[in-house]
Each structure stands twice: as C-alpha cells, then as structure tokens.
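Peer 1: Residue numbers (our numbering): 47 to 1302. Think of the CB as a built atom: it goes at the ideal place given N, C-alpha and C, for glycine as much as any other residue.
(1) Does DSSP put residue 889 in a helix, a strand or coil?
(2) Near residue 646, which residues of its chain fall below 6 Å by C-beta distance, leaving aside the five closest residues on each side in sequence?
(3) Less than 8 Å between the C-beta atoms of residue 554 and residue 948, yes or no?
(4) In angstroms, rounded to a whole number, what distance separates the CA positions of residue 1157 and residue 538?
(5) What does the Cβ neighbour count give for residue 453, buried or exposed, with the cut at 16 atoms within 10 Å?
(6) What does the alpha-carbon distance come out to for the pair residue 756 and residue 774?
(7) From this set, 1236, 220, 613, 838, which residue's C-alpha is nearest residue 639's C-alpha?
(8) Is the separation between the beta-carbon of residue 864 and that of residue 881 shorter than 8 Å?
(9) Would you kindly work out how many angstroms separate the C-alpha atoms of residue 199 and residue 451, rounded to a whole number?
(10) Assuming residue 666 and residue 630 make a contact with CB atoms under 8 Å, what is their CB distance in whole Å?
(11) Does the beta-carbon of residue 1218 have 16 or more other beta-carbons within 10 angstroms, so that it is buried, or is it exposed?
(12) Who are the Cβ neighbours of residue 1226 in its own chain at under 6 Å, not counting the five residues just before and after it?
(13) Within the continuous beta strand (DSSP E) that includes residue 1124, where are the two ends?
(14) Check the DSSP bridge columns for residue 1113 and list the partner residues they point to.
(15) Roughly how many whole angstroms lie between the Cα atoms of residue 507 and residue 415?
(16) Residue 1154 bridges to which residues according to DSSP?
(17) Measure the Cβ-Cβ separation of residue 1306 and residue 855 and say whether it is below 8 Å.
(18) Would you kindly check if the distance between the Cβ of residue 53 and the Cβ of residue 240 is under 8 Å?
(19) Just to confirm the assignment: which complete alpha helix (DSSP H) runs, minimum length 4, are found wholly within the stretch 353-432?
(20) When you compare each of 190, 171, 1059, 456 to residue 1044 by their alpha carbons, which one comes out closest?
(21) For the structure I just gave you, are there three or more beta carbon pairs, one from the stretch 83-93 and one from the stretch 49-65, closer than 8 Å?
(22) What are the uninterrupted segments assigned as alpha helix (DSSP H) that are 4 or more residues long and contained completely in the stretch 310-350, given in chain order?
(23) Can you tell me whether DSSP reads residue 684 as helix, strand or coil?
(24) If you measure between the beta carbons of residue 315 and residue 222, is that distance less than 8 Å?
(25) Which residue comes first and which comes last in the alpha helix (DSSP H) that contains residue 904?
(26) Which one of 961, 902, 690, 984 has the shortest CA to CA distance from residue 763?
(27) Taking the continuous beta strand (DSSP E) assigned at residue 831, which residues delimit it?
(28) Can you tell me where the alpha helix (DSSP H) holding residue 1089 begins and where it ends?
(29) Could you say if the stretch 736-748 and the stretch 911-927 meet the contact criterion of at least three C-beta pairs nearer than 8 Å?
(30) By how many angstroms is the C-alpha of residue 178 removed from the C-alpha of residue 233?
(31) Alpha carbons only, please: which of 668, 976, 367 is nearest the one belonging to residue 1301?
(32) Distance check for residue 334 and residue 384, CA to CA, integer angstroms please.
(33) Is residue 1261 helix, strand or coil when you go by DSSP?
(34) With 16 as the cutoff for other CB atoms within 10 Å, does residue 186 come out buried or exposed?
(35) Between residue 329 and residue 418, what straight-line distance do the alpha-carbon atoms span, to the nearest angstrom?
(36) Between residue 319 and residue 158, is the Cβ-Cβ spacing less than 8 Å?
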C-alpha cells in the first residue's frame, strides 16, 4: 500500500470547446434554462513527479491521451519493482523517464466526472460559491480510496484562449479538483485544497496548470504517519495542517468530526440507523448538502467498529447513478434530498434516512417495524448521548481568544480529538453491550458458534434483531476475529469488564441474581436476564460482584493516549530532483534529532520515528539505512514492523549492498530472518466458522469429545471420556445420534429451567449470595416432613411442601455418612437415603423412591469433591465434582432405563478416588499449602507449567493513586503466556501468544518490562501494563535458556544477562536494549546462569562454571566421576556465597550435592531426599532452599505408583530436610518466590496446576 498522502490529483470540468458552444448558443438564444454539460477528465497528475534524468516530469495530460493509456496500461504497481513506488528509485536508473503515468488501478476515472459533479455541471449567469464534497471509492477486493472534491467557479471567458471569442454574456462554470488518497484524510485534504483555492482565485487562468502541478507535487512529498500516537504536521501557504495517525494497523485514521451524526440525529433515530446497518439492510442517506453524505456515512461506519461493513458502499450517487438503488443486495448509499420522493415511490424495502431532519423511514412500511437495538444497551447509550458535550463554542467560553489562526485551529484539533475519543469509547461500549455474550457461545478449539443457544439466551423481544444480525457478513467477520482472539478495542473493553473467576462452573442464577429480579426495577430485571450467562465464583470466602451493563464511563477507563506532533520541513521552492532529495535529507536529519531527544523508556514513540525515517531512507534509495531503521523496530515496537515492505526490500538489494549488509551484524540477522521466514511454507489461517449441529451418525470416542465440546456442555477431555464410558456400558463403543440428541436436549432444557427457578424468599435469605440451586428433587417424604430436597454447591436443604421455611440438611464438608437403607412402608420395605452430619445426633432420611440411587451418587460425589477441595486448597475439585453431578443427572434423565444409575456411576470420579486412594494429605503439606490455581482453565486439557514469574505491585507511572496489583506470569506449552492477578488469583489474560516455541525462562525488570527467553532464540519483552508483546531481542542464535539480573543493581536494571544453549552469554543495557558485552563459554549445553557479586555462575550440563564479569573462567566444578553417565547432568543449582556453598541437583538422582567452595579444593557432601528420583528445580527463599523433585508414590496421587511431584525444604546451615511436601500429581517443573512470603510451584501436564505455599 502507498505510504504517501497523494495518490492522484484529477482536474474535471467542461472542455473549452463545449463552453465556447454554450456561449455561442446563449448569445444567439439568450436563455440559460436547463443547460447541463457533461464533465470530462481534463488533467491527471500522479507521482512520481521527478526523476534524475529530467528536472521535472510533466504529467499534465489531456483526457484523450488518458483514454489511449487505459486501453494499453503498464504493468500494475502491485507487480512492479519496489522502486516504482518511490521517486528516487528506478527513475534514477533510467526506468522512470516515460511520459506515461500510472493511474491507480482501483480508481475508475470514467465514473469520476459524474461523482465530482453529482448534481450536474451547470453554466450560470451568477457566480456561485466554491464548495467541497467527499468521495469514497471501493474496488472489488474491498480496498478503499478517499477523495476530496473542490468545485471552483470561474467566468467562462477565462477558459477561452486569446484566439477564441468568449461571447458577450457574462457566464460562469465550475471545474473540479479531486485529490485522491488511500487514507481517509478528509479534513487535511480539504484544508490543502482551501490553501490552493486562495492561489487559484488570484492567478490568471493560464497559470492554473502550473499551480495545480506544484500543489500535487508537494502533497506527494508528504508521508503517512505510522500507526500509533505520532501525528505529522506540515505548512502549506502559512496554514498548518495535521495528519492524525491510525490507532493501529487494523483501523483507519480518523480525520473527521465524529459528532456530526450526533448533531443530525436524536438518540433513537441514531440507534435505528445503527440497527439497520448491523442487520445489513439496504440503507440510503439523503441530504441537500453533498458534503454531509460522506462525512455522516463514514462516521456511522466507524461507530460499528470492530464490525466492518462488507457490502457495497457508495456515499455519493450522482443523479445518473440512481439505478444502483435497484441492486438486490444490501448496501449503503447516499443521494441528494431532491430524489427522496422518487426513490421512496419507485423502490421497495429501502431504509430512507434524512440527514437534514434526522428522520428514519422505509420505502414500504412504517418505521415501527424496523428492528431495534436491544433495549438495555440502547438505554445505556442514551445516557451517554445525553451527557456528551458536542459544542466547541461552549468549551471556549472560559478560554482566551486566539489572535493567530493556527493557534485557534490547534485548540479546535485538541478539542475534537478528545471528543472523538470519547465518542469512540461510547460506541465501543454500545457494541460490547450488544455482543458481550457472544464469547460465551464460542468453542475456540473447533471454531464453532452455537447460534441456537445464543438466540435462546436473548430476550424474546430482541431475538428478531439478533437473528437478523447473525446471518450477516459483518457479523461473520466479527466472529472470525473473536475466534482468532484478536485483541482490539472491543476485546480489551469486554475483557476489562468481564467478571473475574478462578474456576469455571455450569451456568445457573445465583441467589443474588434471583433477589435482584424480584426487587429491582424493570431495567434491572432485563439486566439480570441479559447477564445470566455470567459465571459464578465458588470460592467460599468470595462473593460475586453483581455486574451491570452500565458499568463505567468508557472515557475514564480508556483515557486518550498523549499525542506527539512532528513538524515536516518546509516544501522546496522548486521541485527538481535535487530539491526533493534535499527535502528528504533535511527530513531525515530532523527525524534523527527527534530520535536523540526521546527518552529510551518511550520506546513506542521511538518506534514511530524509526519507522518514518526508514521509509524516507527508502525514498532516497538508502536501502541499508532503511533496513537498519526497520530492524530497530524489533526492540521498540514489533506491532508496526512492515513485514512485506522489508521482504521486498531485502529481495531488491544489489550484490554490493548485500556484501555491505553482511559486515553489519544487525542487518545480517534481519536478512537471515527474512529469508528464513520466506522459505517456510505459508500457513493459511483457518477462517471457517461452523454452526453447532447435532450429529447424524454414530459417534466414536473422538467424535463424541468434539460434539460435547462444540455443544458447550463440558470442555475437559478426561470428563468427556468418562461420559462416553457411561453411555457405552455393555454396548459397542459408539454413541448413537438419537441418544446424543436426547442427552443434549435434557442438558439444555435443565439449564433453561434453572434460569426461571422460583424459590421462596426463606430459601434465598438463608443461602449465600454466590450459591446456586443445581438440583431439586420431586416432592418426597423425609424424617422432617414432606418437601423437596435441594442441592447447591455448598449444601443440601429441605424445602417444606405446605409451610414456608428452610431446613438445612447438611453442608457437604460436614458429612459423616451417606448410605441407602430400607425403610418400612405398609407391608414392604423401600429404599431411602440416610445422611449423617457431624454435630447432629439424629440422621436425616428421605424416601426418594426411584431417585434414591441417583441422589446417593450425587451426594457422595459432592462430599468427596468438597473434601479434596478443602485438603488440596483447590476450589476446582468442587467445581469438577459439581459438573460430574450434573452430568449424572442428565445421563439418568435421558436414558430412563434400569441401568441408567449404573451408567451414571461411571461419572463418580472423586468418590471412586476416595475409595481407591488414601485422601488424607500429610499435615505438613496441609499446613503449608495456601491455594491452588489452574492456568489451563480455558483449555480442553492441562498444559505443562514451564516457567513461573511473580512481579510485585506498584503505583502507576503517571503519579496517580491507582495501584497496580502484583501479577503472576505463567508460561505454558507452545508459547502460551497466562497472566493472573496475584492479589485475587483471578485470570487477567487467558492467553498472550509469545512466539510458537516453548518458553524457557522469565525475568522481571523493575515494573517496566518482563523478559521471556524462548526456544526459538528470541527474547520477547512484555509490557506489564498493557500486557502486550511488542519488542524482541534477536541477538542470540540458539535457544535462550537463562536470564538473570544483578540483585545489587535492580534500580538501574543495567546488569542484565542472558544465555543460550550454545554457551553465548550477553550483557544488556536494559534501557536501550543494546548488547554491552558478549562472551562465549565452551560447554555442551548452557542451561542457566546466576550472578553473585563479581561472578557469573553457569550450569553447563556436566559442570558448574564460575566466570568473572569479564567472561574469563575462574573455576569449573565437574560432575563426580561415579555420577557421570550419558543421562546425568546438573539440572539446577543455588549459590550461597556468604557461606561458601554451592547446592546442586541432578535430573536423574534423588540426592542433593553440596559443594563447599571457600576452600582451595572444593569438597562435596551428599544429602539424600526420601522418595525422590530426580531434581528439576531449586530456589532460595529467606534462609531455606526449596527443591522441586519428582518421584513415584501412591500417596497424594490419584492411583498407585503414579508419577508425582514433591517439594523438599532444606536448611542450608544444618544441611537437613525440614519439610517434605506432597505437591502435585506430576513432576514439578518450576519454582518462584512471591516477595519471600510465598513459594509457587508449577507442575507437568498430567497435573498442570500451580500450588501456592506459605514460607515460614
């Protein structure tokens, strides 16, 4: 894509011959009625305007020469060499000297004259005011170009040559100047044309040609600002003009007044318009002012972001194009108001929008039939609308008047920028409120959207709106972005306002929600239903914060980012090749000064300067300098790295330039990376979106897993396997589609019924706010009278049949015995359920009839889950037990056979563990264990926790009083990074993708950066505030295995070291991200480094090496001879220099080896660890050494002789083990410390959890 402001400049008007004929006709007949001329393309100007062989290339062409050129066009710019895009490229080599010009291929100059004069080109006897309007062109691929048209009125006699007779009558006609750009800079281009108009008004008509050429050539010099917060400013005829940048590469620049639709429409009509656009109806805008059509249409489409309009879009239709409105497809078009009645009478099913009076109607029915935005979101938007201040004059009442027009314009720009930001926040909030629950019905693994269930979750009055939206192209693309986990403003806002949960539970209304339904107003009643998909928090000591849809002022939550404006140099007086090169050289010098003046911590602004300088260097054919600037983006902001441009640039390097690049290490790395990426097979992103459909054939185990996940029932694969076993007891290992349909229907109907559960007030008052009723029995006889037995995630209770009241049967954690007994009834004995509770002498019995066996299974499963959750400090055990119980209920409900209870027993997972494996957790483990976290909560299967990092909380950098909570960073498999709020252990970011390879190490640098070393040899740098990964360090050639920071230099963060597997160690300046020193260590595999005092300690497979800071080896401690084998190597080590100790662990040995290093010859001591078969990691906390091990034991595992993880706490002074902690059901992979108060351990895939331990 072009990166300059001007794409092409076109002059449109009547030919002098036609004007001469009109003058003669008027002189003869004396009448001007209905004289309309056919406008023509008079001149076309397109860059490049200069080349080395010629001082100035003339591109002023008559229309007929352009027609010839269209018949035989040069190869398109898309396939031309890279230099064709720049004035100093191939032109300098002689290939740019042709007189022909390249008109952009997506600009249809045949239709342009009509669009420049949409109302027709008239000849008048009164001079009319010069005016502007705006155009948007869209090619068949959806690429847009934007035009600003200025109609200039001049006396017809001025158009005549000296040899022509202009006639006696004083006549006037207009010619149009259309400036076309790839970017929507409507305001900036209008300002540019206004400056030109001043010149044109005072010059002779014979000089117009030269003025327009000069004007177009200057605009062709103006580059486009890169995405971000760097705006560009240039001066044209003493007027300063600003080019705002795009927010990011996926969004267009906003260079118009977004409040124009707010001035034209009241809230309800505006919402009606947006509703019609979301449903892709056939929409026509009308106005008596051509300029309003495009500006309002552009504003409306920006309001829909991130939904992007996919249908035909022609904001200005000339009167000869009205047949476009007969198109059968959806569209958005604009017409003059004079055609309103004609269009309304002759077309059907059009949405007619009168911008001038703010009305909305249809061409065939009343506006009341138009589908509306959901009422709750609409009410929120109306409140925002009414609080919006859209009048600049009111804002200026207290301000000093500006005596300089540029100062006044600057004030207006700042005001407009802030207002635009606020409006964008309001509109993003509206879209989030409309589509917030979409993500709850997505299955990311299989790319499925369960549209049927989503529609069922909507209010009945809103279902027609959503049904229409779900069938549109605009929504399909929105779904594709959600499934691809695109992090745009919608995702950020939705994520920041989402209820934070630590466990995922089946969806049921909480007592808080039910209470609010009964006591709230009608608005809150609708609110509850709209939010019923929210997840509950099962942690006993936490309650659910009731989330409203009217949550915040979006402008306060997302304040505008500060903007930096860069002033371009003055345009050269003459546009010769050397003058243009001098202009670019001056621009490069100014950018260099700007780069040197920026503080190194403002990497985002630095990246924009480097990007801009790289582009200008490319214009000057300084290819290597351009590559160097683009390469710097890896260390400043990879989000704006121009991959395609750099690839083409590398391919275009000449032999001499390639040799020079090889002598510059940073360029050599960049070129190698580009070529390596090009050699990789292209990976096509999966853009398919499937709707959930019930199966039509028998399902094997794998297909059953897929269908259950797609249906949104359960995500965990192990649970689905048990469900499959339940359905295939005594049968072939397949589930028939009728059985699946019966199960799915029962599950969904149970969910729906739970939303409308009607509980007495006594029940709601006695239960906790976060409790949900998951099961109610039929009316049964119990030892406390007749009633219904209810089950929540915490307790069982009795709901009496004929009298109000509440009887708590038991809390699950207080259960002592659950069993089925025989109770006498007349002459027979029938089974009943007996429940004994600690602290109560009398047992509770209930005659549950045919439900007895099911309730026995469910209560025992909940009891076992509660015990495991309490003992292991892991609330997910209780959540899993609850899921098992609900699946049991659904299995029994859909099978309806004598064997249904036997099938349901396959799901009694925790009760089975309770009987097969001792559940008691050792006392030391129970007392030390604080909490457990599941970082794979949103995944179908557990993932290995490879690395953990804790970063402490802090105050924000801008001196605000808002605190940032501490964070826990978790590296999972495949480059997946998960971030938790370490204050509440709630997930902040479910997935940050950091490359594609395994992450080996992490390091936090004084709140400003998190460094992550990867197997792909890159060090990724995360911004802990925005949680984005936009920086990379690519100096290592092999996988990065270690990162360390000098503990004595944490304030400056300068002494940062990294190492890679091949033995390379780099010392970094973490502020500038430059390598200060590099040295090579000779070893088989360098796995980690630590810095202590003046020494670097390195773990090198079969040895531990101590290096001086200069990189000189000081000593090497080799693995003892009797321990050496092909598999033996040091896995971790701890240095305690003040005690002269070096603690080491081996991957295949259960012994710790202590080296005493203060003597001349190091001595070795062995400490055996019971039950340990290998050491994986170690960490020093206070005066303790925590050792992560793996071994095999039946205690603490789920089955006998299973791999398990063990933590051992050792006192370095006494060399004794003080604690042995049963940590995980798989080996421990990583340890980290949280401010020496807690130790966190992460385990391998079979367990995949994080344990939080208290440090004493």
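Peer 2: Answer, in terms of the structure:
(1) coil
(2) 1117, 1118
(3) no
(4) 45 Å
(5) exposed
(6) 20 Å
(7) 613
(8) yes
(9) 26 Å
(10) 5 Å
(11) buried
(12) 1180
(13) 1120-1126
(14) 1103, 1123
(15) 13 Å
(16) 1141
(17) With the chain covering only 47 through 1302, there is no way to say anything about residue 1306.
(18) no
(19) 386-392
(20) 1059
(21) yes
(22) 313-324, 336-349
(23) helix
(24) no
(25) 898-918
(26) 984
(27) 831-837
(28) Taken as a continuous stretch (DSSP letters only), residue 1089 belongs to no alpha helix (DSSP H), being part of the beta strand (DSSP E) at 1086-1091.
(29) no
(30) 11 Å
(31) 976
(32) 7 Å
(33) coil
(34) exposed
(35) 15 Å
(36) no
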